[in-house]
Amino acid sequence: MKKLHITILLAAILITGAMALIDANTEEPTFAVSSASWTKAVFNNSHLADRSDSIIIGRVIEILPSRWNTPDGIKPTSDYKMATSKEEFYKQRKAKKIYTDVIIKIDRIIKNKSTPAMITVRTIGGEVGEYGMEVEDEAKFEAGENVLLFLTKEDMDTDNSAGTHYRVYDMKYGKFSITNDNQAVRPGLPEAHKKIPLEELLNSIGTQ
3 MKKLHITILL
13 AAILITGAMA
23 LIDANTEEPT
33 FAVSSASWTK
43 AVFNNSHLAD
53 RSDSIIIGRV
63 IEILPSRWNT
73 PDGIKPTSDY
83 KMATSKEEFY
93 KQRKAKKIYT
103 DVIIKIDRII
113 KNKSTPAMIT
123 VRTIGGEVGE
133 YGMEVEDEAK
143 FEAGENVLLF
153 LTKEDMDTDN
163 SAGTHYRVYD
173 MKYGKFSITN
183 DNQAVRPGLP
193 EAHKKIPLEE
203 LLNSIGTQ
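Next comes the structure, spelled out in structure tokens:
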């Protein structure tokens, strides 16, 4: 059976001024979801620091299997149809989405000392059975990766009423990969905002 794969393009229109396009030639449904909340402020590290609930440096210990955002975490009933337009996507919001949890072992807490030593960071997207969902601007993780994260407890896509997980604030803009030579890197961003020495990043958010 052909895998149904949805790509959600959260286009940073206010940053790039570009239009997000729908690929009409693919057999797989692809649609664009733009957000007016994206501004150049996402490149400002002080902006990220001020608005995040926690800031940590840690290591990706495990990436858990993706799950449906249903009470039992499995595939919705047979009458469920995944969103194929941005209108349907926003209407569904917290209902019937695929998410992936990432386990982070914290090495250093930069903001909010009450942050636990081991945390779960939730990302939207993943693959469950014949279904796949990819959110273009979502933060991506690899096992063993060292990261600096700006985190929030607010989750507009899945239930976090119990406060059991975090989201990366401003998605991929709030996640830095830390290299062996202590560079903080955000792949896929404009060159001027892609890489910064870790020490300089820490200084820019007012902590060391």
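Adding 2 to a residue's 1-based position in the sequence shown gives its number in the numbering used here. Cβ atoms here follow ideal geometry from the backbone N, Cα and C, with glycine treated the same way.
7 Å Cβ shell around residue i - same chain, five flanking residues per side excluded
i	result
G131	K77
I65	T102, V104, F143 and A145
V187	F178, S179, T181, K196 and K197
CB of residue i within 9 Å of CB of residue j, strictly
i	j	result
G146	S68	no
I106	I58	yes
K142	T125	yes
L200	I112	no
K197	G190	no
N114	D55	yes
Contacting residues, own chain, Cβ-Cβ under 6 Å from residue i (five flanking each side not counted)
i	result
D157	R169
G176	L50, F152 and V170
K174	D139 and A141
I63	I105 and K107
V123	V104, I106 and Y168
Burial state of residue i (16 or more Cβ within 10 Å)
i	result
I222	Residue 222 lies beyond the stretch modelled for the chain, which goes from 3 to 210, so this question has no answer here.
N71	buried
S163	exposed
A119	exposed
A194	exposed
Own chain partners of residue i with C-beta closer than 8 Å, once the 5 adjacent residues on each side are dropped
i	result
S48	S206, I207 and G208
N184	P199, L200 and E201
R61	I106, K107, D109, G146, E147, N148 and V149
Cβ-heavy atom distance, residue i to the ligand SAM, below 8 Å
i	result
E201	For the structure depicted, the ligand SAM is absent and the ligand set is empty, with no information on it obtainable.
Should the stretch 167-176 be called in touch with the stretch 63-80, which here means at least 3 C-beta pairs below 8 Å? no
Taking only runs of the beta strand (DSSP E) that begin and end inside the stretch 145-203, which ones reach a length of at least 3 residues, in chain order? 148-154, 177-180, 185-187 and 197-199
Complete runs of the beta strand (DSSP E) confined to the stretch 97-151 [at least 3 residues]: 100-113, 120-130 and 133-137
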